[in-house]
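Colleague:
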């Protein structure tokens, strides 16, 4: 069972996949060739899930930071005999700068350790396990490193030191003196592709430096925010970019699967996919952080992904694989113990089959916020956004699973109705951009119908608040969005009563907000939800 806190992990990304590295120098999570691909290291979810560690023996102090303007990590180890610095990053394509960052990422994890003072003994352990730990690859020494083969995957580890192999693990200890350096590169290929050549030490150093410069040019081009908490806002923008699958512009909700809401619980989901809602919220966050340039690309991709569904009169799929895949069928990996014994470990996500009507409002709300970047909309994207508004007008009365993806019977969730109202409200404001003046009267009339339904059926006298669903007395933090989207002012007596009720009855001892407290058909406790806490503050 892993005892490493989730907060101990740092994120590395090449805008195609991601690795998680612990403070101790363990790469405990890495999937190739995409965020949602099978893992080659999964110690995050099982002690025997595979890892790659580079650490200083006897370290008494460890500190780390991201190199300024980048997602390249620098970790400093101090020992009784000296100090060493480990620099690591997922490689970008050579000379990728600014908007091109991640276009041609080669699928390589780079790690370079150097002795800064005295002497330091370095311990390396390399234990890849393919396909979520199901495949124990065959490791074989080659000149300049190790090749691992198993199933559909090949890994080539370039190493300047000899790594003795014991079964499916390679280990070594070596001494670095002040001024000495040892650099490593881990390359991935499919088993049917040509096996890559090992990296030289100079090539690893060059690729690391090039990747650092690539991230810095992206930051220089995109990050113009100069308000409060500037450095944290800028770093958050880079993290959001790191979660973007560059070939399509899809943004994953997280680079991991099955990290639990509560230790030992079953609310463990695979978030390595792109949700329409989350992607829209991310685009708006990037707009706040002065990184707005990806908006046009995202809406063009989304139009291609879901426009055909609207035209066929079926539900917009709420989530996709990062390449646009529809079928995200969910299964459990029973051989993995889970983070701190939190099972099941899942891959895929059954929510892909759910109806969630709020996506109409998420799309048009984001388009409205980013309208200055969408001035040159192509005809396909323009028609797509018009069809989104029309679908909201036609379907707002239908029941769905709601924003929280409740795995039960569909209901008249208030938030879903609210976001259908948002879809029509924002579509009216975008009529010029969308060339849709002929729909203004119909959109306006339906918007008012939705408003009346929410005011009448969404309010509970017993709860003294707007609630989770029509006819329900259960509170839900998503009602906090009503003033945020402009449906009612926060000063409205009903809204103030709702805010007070949520602050009193849906918060923990630290003031963090729960999404809801009502039964949702799942075992285990519901964790607080940071986004809802921000809604309450806002």
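Numbering (my numbering), first residue to last: -2 to 535. We treat Cβ as the ideally placed atom computed from N, Cα and C, and that holds for glycine. Treat the numbers as computed from the prediction; the structure is a model and nothing was measured.
Excluding the 5 residues flanking residue 67 on each side, which residues of the same chain have their C-beta closer than 7 angstroms to its C-beta?
Modeller: If we look at residue 67 and ignore the five residues flanking it on each side, its Cβ neighbours are 209, 212 and 213.
Colleague: Tell me the rounded alpha-carbon separation between residue 525 and residue 315.
Modeller: Roughly 23 angstroms separates the two Cα atoms.
Colleague: Taking the beta carbon of residue 452 as the centre, do at least 16 other beta carbons fall within 10 Å, making it buried, or is it exposed?
Modeller: Exposed, by the Cβ-count rule.
Colleague: Tell me whether residue 414 is buried or exposed, calling it buried when 16 or more other Cβ atoms sit within 10 Å of its Cβ.
Modeller: Per the 10 Å Cβ criterion, buried.
Colleague: Determine the direct distance from the alpha carbon of residue 106 to that of residue 387, and round the result to whole angstroms.
Modeller: So the alpha carbons of these two residues sit roughly 46 angstroms apart.
Colleague: Would you tell me roughly how many angstroms separate the C-alpha atoms of residue 238 and residue 224, rounded to the nearest one?
Modeller: About 20 angstroms.
Colleague: Count the other CB atoms, across all protein chains shown, that sit within 10 Å of the CB of residue 506; report buried if there are 16 or more and exposed otherwise.
Modeller: Its Cβ having fewer than 16 others within 10 Å, residue 506 is exposed.
Colleague: Hey, quick one: how far does the beta strand (DSSP E) through residue 86 stretch, first residue to last?
Modeller: Where residue 86 is concerned, the enclosing beta strand (DSSP E) stretches over 79 to 87.
Colleague: Skipping 5 residues on each side, what residues in its chain have a beta carbon closer than 8 angstroms to that of residue 335?
Modeller: Cβ neighbours of residue 335 beyond the five flanking positions: 42, 43, 255, 257, 265, 341 and 342.
Colleague: Give the straight-line distance between the Cα atoms of residue 463 and residue 7, rounded to the nearest whole angstrom.
Modeller: Cα to Cα, residue 463 sits roughly 40 angstroms from residue 7.
Colleague: Which residues bound the beta strand (DSSP E) around residue 153?
Modeller: Note, residue 153: beta strand (DSSP E), 150 to 155.
Colleague: How long is the line joining the alpha carbons of residue 511 and residue 411, rounded to whole angstroms?
Modeller: About 17 angstroms.
Colleague: Under 6 angstroms Cβ to Cβ from residue 177, same chain only, skipping five residues before and after it: list those, please.
Modeller: If we look at residue 177 and ignore the five residues flanking it on each side, its Cβ neighbours are 112.
Colleague: Which residue marks the beginning of the alpha helix (DSSP H) containing residue 399, and which one marks its end?
Modeller: Neither: residue 399 is in no alpha helix (DSSP H) and is coded neither H nor E.
Colleague: Look at the Cβ atom of residue 279, then the Cβ atom of residue 248, and state whether they are nearer than 9 angstroms.
Modeller: Cβ distance < 9 angstroms, so residue 279 and residue 248 count as in contact.
Colleague: Counting pairs of Cβ atoms below 8 angstroms between the region 141 to 149 and the region 186 to 194, do you hit three or more?
Modeller: Short answer: they touch.
Colleague: Taking the alpha carbon of residue 234 as the reference point, which residue from 201, 337 and 282 has its own alpha carbon closest?
Modeller: Per the Cα distances, 282.
Colleague: Count the C-beta pairs between the region 363 to 382 and the region 484 to 501 that are closer than 8 angstroms, then say yes if the count reaches three, no if not.
Modeller: Verdict: no, contact absent.
Colleague: Judging by CA-CA distance, which residue of 400, 200, 19 and 33 is the nearest neighbour of residue 270?
Modeller: The option with the nearest alpha carbon to residue 270 is 33.
Colleague: Are the CB atoms of residue 9 and residue 83 within a distance shorter than 9 angstroms?
Modeller: No, these two residues do not count as a Cβ contact at 9 angstroms.
Colleague: Would you list the one or two residues that DSSP bridges to residue 267?
Modeller: DSSP, once it has assigned bridges, lists 254 as partnering residue 267.
Colleague: Would you call the region 12 to 24 in contact with the region 127 to 144, where contact means no fewer than 3 C-beta pairs closer than 8 angstroms?
Modeller: They do not touch, by the three-pair rule.
Colleague: Apply the 10 Å Cβ neighbour rule to residue 226 and answer buried if 16 or more other Cβ atoms are within range, or exposed otherwise.
Modeller: It counts as exposed.
Colleague: Nearest to residue 535 by CA position, among 513, 371 and 486, is which residue?
Modeller: That would be 486, whose Cα lies nearest to the Cα of residue 535.
Colleague: Would the C-beta of residue 33 count as close to the ligand NAD, meaning under 8 angstroms from any of its heavy atoms?
Modeller: Looking for the ligand NAD in the displayed structure turns up nothing, as the structure carries no ligands at all.
Colleague: Is the CB-CB distance between residue 241 and residue 529 below 9 angstroms?
Modeller: Not a contact, by the Cβ cut-off of 9 angstroms.
Colleague: Could you check if residue 501 is buried or exposed, using at least 16 other CB atoms within 10 Å of its CB as the buried criterion?
Modeller: Answer is exposed; the Cβ neighbour count stays below 16.
Colleague: Looking at residue 153 and residue 183, is the spacing between their C-beta atoms short of 9 angstroms?
Modeller: Against a cut-off of 9 angstroms, the Cβ pair of residue 153 and residue 183 comes out as a contact.
Colleague: How long is the line joining the alpha carbons of residue 165 and residue 263, rounded to whole angstroms?
Modeller: The alpha-carbon atoms of residue 165 and residue 263 are separated by roughly 31 angstroms.
Colleague: In whole angstroms, give me the CA-to-CA distance for residue 220 and residue 346.
Modeller: In a straight line, the C-alpha of residue 220 is about 33 angstroms away from that of residue 346.
Colleague: According to DSSP, simplified to helix, strand and coil, what is residue 456?
Modeller: If DSSP states are grouped into helix, strand and coil, residue 456 belongs with the strands.
Colleague: Note down, in chain order, each residue of its chain lying with its Cβ closer than 6 angstroms to the Cβ of residue 231, except the 5 sequence neighbours on either side.
Modeller: Cβ within range, chain order: 220.
Colleague: For residue 25, does the count of other Cβ atoms within 10 angstroms reach 16, so buried, or fall short, so exposed?
Modeller: Counting Cβ neighbours within 10 Å, residue 25 comes out buried, since at least 16 surround it.
Colleague: If you draw a straight line from the C-alpha of residue 515 to the C-alpha of residue 98, how long is it?
Modeller: Roughly 44 angstroms separates the two Cα atoms.
Colleague: On the DSSP bridge list, what partners appear for residue 171?
Modeller: Its beta-bridge partners are 119.
Colleague: Find out if the Cβ-Cβ distance for the pair residue 471, residue 401 is shorter than 9 angstroms.
Modeller: Result no, Cβ atoms of residue 471 and residue 401 do not sit closer than 9 angstroms.
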